[in-house]
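All you need for the working numbering is the position in the sequence shown, starting with 1, plus 5. Read the structure below first, then the notes.
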Amino acid sequence: MVYTLSSVILLIAVGIPKLSAFPRRYLIWGGLLFAAYEMCLSLSIGFADSGTQAIEVSMVNYLWPSMTLLLTVITSKQTLRPLIFVGMTVCLIGVSKVLGGENGLSLHHMAVNIGSNPLSYGLAFAGAIIWSIYCVLTKKIAKGCNGITLFFILTAAALWLQFAFTENQAFNFTPQLLIELSLVSCAMGLGYAAWNTGILYGNVTVLATASYFTPVLSAFFAAQLLGENLDISFWLGTLLVSAGSLMCWWATRTH
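Right under this line is the structure:
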């Protein structure tokens, strides 16, 4: 429902996409990568066993900024400075602290956490990789075309197809749910439209920089909404993810 309503909002705000104007490679690869990422992200959160696990899963997904920077450096044939690997390591340590729960940086408890729901955590990690590839590839093959409306429609169709072949409870709409659905759909649709425009016409490394502190803000708002109490280890982990991403960005700066 979120992706369906977001598609309607994008059709109104951005307009009906003219397929003939889009490069075929962008339509195929961009559409597949976008839909695959969104399905990984939404299903990883949907399959989470609790509110806390849903927040942890979202933190795994936030490995994408540093992955995007690494791919950008590789594909643009820039010098791979040692600091970028330090930043990646710090990000991984941060995610490990998050996944370790109240036990902090513990490989054993991290393994237990992942083992309790490998599908959810695996989808989140796969999504981080897919999204970094999408960001870098879009810049190179889109040729200024913004297919976000079409990609949202494709994602909505894929999720409805997945919904049709699984056992689900009946819909139970309430006024509060409809308000939340509308707000989330507006935020997602217009947010992704702005992000895609930034990828096409801006600097990917700068965009990734703007996203570095998103994990902290996202975790904060999610905790408030879901009524979850996150311990100090979690917040240290989110700060390490942001710090590691900043190191990756610093390593890609041209002097």
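The C-beta atom is built at its ideal place from N, Cα and C for all residues, glycine as well.
Please classify residue i as buried or exposed, where buried requires at least 16 neighbouring CB atoms within 10 angstroms.
i, result
"Y206", "exposed"
"F156", "buried"
"W254", "buried"
"Q58", "buried"
"I204", "buried"
"L159", "buried"
"S11", "buried"
"T84", "exposed"
"T243", "buried"
"F170", "exposed"
"L164", "buried"
"A53", "buried"
"A116", "exposed"
So, for residue i: in the same chain, excluding its five sequence neighbours on each side, which residues have a beta-carbon less than 7 Å away from its beta-carbon?
i, result
"G16", "Here the sequence assigns Leu to residue 16, which means Gly is not the residue at that position. Hits under 7 Å: T154."
"T202", "N151"
"M6", "L186"
"H260", "Note that H260 has pLDDT 47, beneath the 50 cutoff, so the model's placement of it is unreliable and no number is given."
"G149", "L205"
"W200", "none"
Apart from the five residues just before and just after residue i, which ones in its own chain have a Cβ nearer than 8 Å to its Cβ?
i, result
"I14", "S190, C191, G194 and L195"
"L37", "none"
"S80", "Residue identity differs from the one stated: residue 80 is Thr in this sequence, not Ser. Same-chain partners within the cutoff: V141 and K145."
"C96", "L68, S71, L245, V246, G249, S250 and C253"
Just to confirm, are residue i and residue j a CB contact at a threshold of 8 Å?
i, j, result
"Y31", "I146", "yes"
"M72", "A133", "yes"
"I119", "A227", "no"
"L241", "K23", "no"
"Y42", "W136", "yes"
"M64", "V100", "yes"
"A161", "V62", "no"
"T175", "V19", "Here residue 175 turns out to be Ala, not Thr, going by the sequence shown. No, the Cβ-Cβ distance between A175 and V19 is not below 8 Å."
"L235", "A224", "yes"
Considering only heavy atoms of the ligand FMN, does any lie closer than 7 Å to the CB of residue i?
i, result
"M64", "Among the components modelled here there is no ligand, and therefore nothing to report on the ligand FMN."
For residue i, which residues in the same chain have their Cβ closer than 6 Å to its Cβ, ignoring the five residues on either side in sequence?
i, result
"N256", "Note that residue 256 corresponds to Ala in the displayed sequence, not to Asn. The answer, listed in chain order, is R86, L88 and I89."
"G56", "L231 and E233"
"M93", "S71"
"N208", "none"
"I98", "L245"
"S25", "none"
With H, G and I counted as helix, E and B as strand and the rest as coil, what does DSSP make of residue i?
i, result
"K148", "coil"
"N234", "coil"
"G249", "helix"
"Y67", "coil"
"H260", "Confidence is the limiting factor: at H260 the pLDDT is only 47, short of 50, which leaves the residue's position unreliable, though a coordinate-based value still follows. Reduced to three states, the DSSP call for H260 is coil."
"K102", "helix"
"N118", "helix"
"Y21", "Per the sequence presented here, residue 21 reads as Ile, with Tyr not at that position. I21: coil per DSSP, three-state reduction."
"F226", "helix"
Is it the case that the stretch 132-141 contacts the stretch 68-82, given that we only count it when at least three CB pairs across the two stretches are under 8 Å? Taking a cut-off of 8 Å for Cβ pairs, the stretch 68-82 and the stretch 132-141 touch, as three or more such pairs fall below it.
With a cut-off of 8 Å, do at least 3 Cβ pairs link the stretch 125-137 to the stretch 49-57? A contact exists between the stretch 125-137 and the stretch 49-57.
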